[in-house]
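Quick note: the sequence shown uses the working numbering, first residue 2, plus one each step.
Please read the structure below before turning to the comments.
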Amino acid sequence: MLTKVDHSNPQLIAALVRRSYGRLLAMLSVRSGDLASAEDALANAFEIALNNWPAQGVPNNPEGWLFTVARRQLIDQARSAQTQQRHQEEFSYLLDEAAAECDPLAIPDQRLALMFACTHPAIDSSIRAPLMLQTLLGFDAASIASAFLVAPSNMAQRLVRAKHKIRVAGIRLIIPDQSAIADGLDSVLDAIYSVYTAAWSQTSDGDIQQGNLAEEALWLVQLLSELAPQEPEVFGLLALMLYAESRRAARHDAQGNYVPLQEQDCQHWDHDKIDQAEQYLRHASSMQRRGRFQIEAAIQSAHTVRRHQGKADWHAINKLYMQLYQLTDSPVVAINHAVALAEIIEPQIALAQLAQLCDNMDLKERLQNYQPYWAASAHLHQRCGNSDAAKHAYQLAIGLCTDQAARGFLQMRLKSVDISLS
2 MLTKVDHSNP QLIAALVRRS YGRLLAMLSV RSGDLASAED ALANAFEIAL NNWPAQGVPN
62 NPEGWLFTVA RRQLIDQARS AQTQQRHQEE FSYLLDEAAA ECDPLAIPDQ RLALMFACTH
122 PAIDSSIRAP LMLQTLLGFD AASIASAFLV APSNMAQRLV RAKHKIRVAG IRLIIPDQSA
182 IADGLDSVLD AIYSVYTAAW SQTSDGDIQQ GNLAEEALWL VQLLSELAPQ EPEVFGLLAL
242 MLYAESRRAA RHDAQGNYVP LQEQDCQHWD HDKIDQAEQY LRHASSMQRR GRFQIEAAIQ
302 SAHTVRRHQG KADWHAINKL YMQLYQLTDS PVVAINHAVA LAEIIEPQIA LAQLAQLCDN
362 MDLKERLQNY QPYWAASAHL HQRCGNSDAA KHAYQLAIGL CTDQAARGFL QMRLKSVDIS
422 LS
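Structure below.
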């Protein structure tokens, strides 16, 4: 059965790509482990669909149609190379499936296997998130390069090398057992979160292949929550991202100026998203296996208390930062903790805690070029009345800032130093 399609409505194909691309690619590549060949076959199938469906109509089972077309192309490739021993297993598998029309919805979902292949220890950590975007959502290298501020040619080469690594290293696209899921889940979550933070750092919230990158990251973690419903950190990350999304409209004022969390008008927050985040966080907590993302989400939850009490729960926030630092030993967490600490004790004590980070000489060198460190230092020096130190730190933070709106905010804070101390 075919359904007639409007030539001017490309959204149908885009929606199908988002819903089905990763599922189809995982099924096509699960046996051979050759992502590149499966991608080429699937891309050709989508191209044929774009050429034929507007005139002939959309098949009743479009996913099955795409899977069949792509699979036949892989069969042709395997048949032409069947004399080579390494193609024998793939060829036999594909011929077995070719005997009958296959409904991809009836095949176990292999996207979890694809997620773990993208974040395998053999794959460089810097390419895991881009690889996940391409294999699970079908984004092209140029779009991914734009989101991660990398030259398109460099991104394309790195993606090709990563897929080659999967093939030559024999990384199997199989759904891990429960113990393996627990071992590799952090890498999967980190990759998804890096997709989200790449979008969050974009002032313009630009689109990527007709879809917002933050929305795609949310879609990925929601997919992961369906594929691994027994993992509390998945729901912790989902809650964390929803808390952040709830504040999107409040991050900038009417003139486009950056507004820090503590100064945002909570009436502009999306309360439905906050309620969703609270539900996911409670669900994660009920599993009684606390982790990094759950603690980070709990910190954001303590900020949302301002909706009802007029101020954030700073005592809870400080306790949570202490727990998070014990878990991660991260200087980023230590910086945020120092800023939060100044809300409940003398700012001089918080400033001294921040300064202690530089006692570690290796860390001190890294912090010299870390913009949030200088922004936090400037804020605390200003709170302490240290005019010259505050100005110096603000100037360094401004010089290291790549976000136009955030730079404007820091410049206004720099101007306010003399006013606040006069």
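Think of the CB as a built atom: it goes at the ideal place given N, C-alpha and C, for glycine as much as any other residue.
{"Asked": "Going by Cα to Cα distance, which pick from N370, E297, A343 is closest to Y326?", "Found": "E297"}
{"Asked": "Exposed or buried, which one is G171 when buried takes at least 16 other CB atoms within 10 Å?", "Found": "exposed"}
{"Asked": "Count the other CB atoms, across all protein chains shown, that sit within 10 Å of the CB of D35; report buried if there are 16 or more and exposed otherwise.", "Found": "buried"}
{"Asked": "Mind checking who H253 pairs with in its DSSP beta bridge?", "Found": "Y259"}
{"Asked": "How long is the line joining the alpha carbons of E366 and Q396, rounded to whole angstroms?", "Found": "18 Å"}
{"Asked": "Which residues bound the alpha helix (DSSP H) around C119?", "Found": "112-119"}
{"Asked": "Given a cut-off of 8 Å, decide if L328 and R293 are closer than it, judged by their beta-carbon atoms.", "Found": "yes"}
{"Asked": "Buried or exposed: E217, going by 16 or more other Cβ atoms within 10 Å of its Cβ?", "Found": "buried"}
{"Asked": "When the Cα atoms are used, what is the spatial distance from S1 to M288?", "Found": "Past the boundaries of the shown model lies residue 1; the chain is included only from 2 to 423, so the question cannot be answered."}
{"Asked": "Pop quiz: L415 and S378 are said to be a contact at Cβ under 8 Å. What is the actual Cβ separation, rounded to whole angstroms?", "Found": "Actually they do not touch by this definition, with Cβ atoms about 13 Å apart."}
{"Asked": "Where does P348 land, buried or exposed, given buried means 16+ other C-beta within 10 angstroms?", "Found": "buried"}
{"Asked": "Can you name the start and end residues of the alpha helix (DSSP H) that Q295 belongs to?", "Found": "293-305"}
{"Asked": "In angstroms with no decimal places, state the Cα-to-Cα distance between L381 and K312.", "Found": "19 Å"}
{"Asked": "For N45 versus Q74, is the C-beta distance shorter than 8 Å?", "Found": "yes"}
{"Asked": "So, helix, strand or coil for C359, using DSSP?", "Found": "helix"}
{"Asked": "Can you list, in chain order, the residues of its chain with a C-beta nearer than 8 Å to that of A229? Leave out the 5 residues immediately preceding and following it.", "Found": "L113, I182, L186, V235"}
{"Asked": "Would Q135 and I145 be called neighbours here (beta carbons separated by less than 8 Å)?", "Found": "yes"}
{"Asked": "Where C402 and L51 are concerned, what is the direct C-alpha to C-alpha distance, given to the nearest angstrom?", "Found": "43 Å"}
{"Asked": "Compute the Euclidean distance between the alpha carbons of I76 and E40, then round it to the nearest angstrom.", "Found": "14 Å"}
{"Asked": "If you run the structure through DSSP and keep just helix, strand and coil, what is G65?", "Found": "helix"}
{"Asked": "Who are the near neighbours of I175 in its chain, counting only those whose CB is closer than 7 Å to its CB and skipping five residues on each side?", "Found": "A114"}
{"Asked": "Within its chain, find whatever has a CB closer than 7 Å to the CB of V260; leave out the 5 residues flanking it on each side and keep chain order.", "Found": "A251, R252, H253, D254"}
{"Asked": "Relative to the alpha-carbon of A406, which residue among S147, M133, Q256, N155 has its alpha-carbon at the smallest distance?", "Found": "Q256"}
{"Asked": "Any idea what DSSP makes of L96, helix, strand or coil?", "Found": "At L96 the pLDDT is 42, less than 50, meaning the model places this residue with poor confidence; the figure from the coordinates comes in the next sentence. Looking at L96 - three-state DSSP - the assignment turns out to be helix."}
{"Asked": "Can you tell me which of the three DSSP states M413 falls into?", "Found": "helix"}
{"Asked": "What do you reckon, are the CB atoms on A42 and T120 nearer than 8 Å?", "Found": "no"}
{"Asked": "When burial is assigned at 16 or more other CB atoms within 10 Å of the CB, is V222 buried or exposed?", "Found": "buried"}
{"Asked": "Taking the straight line between their C-alpha atoms, what separation do you get for S388 and D419?", "Found": "7 Å"}
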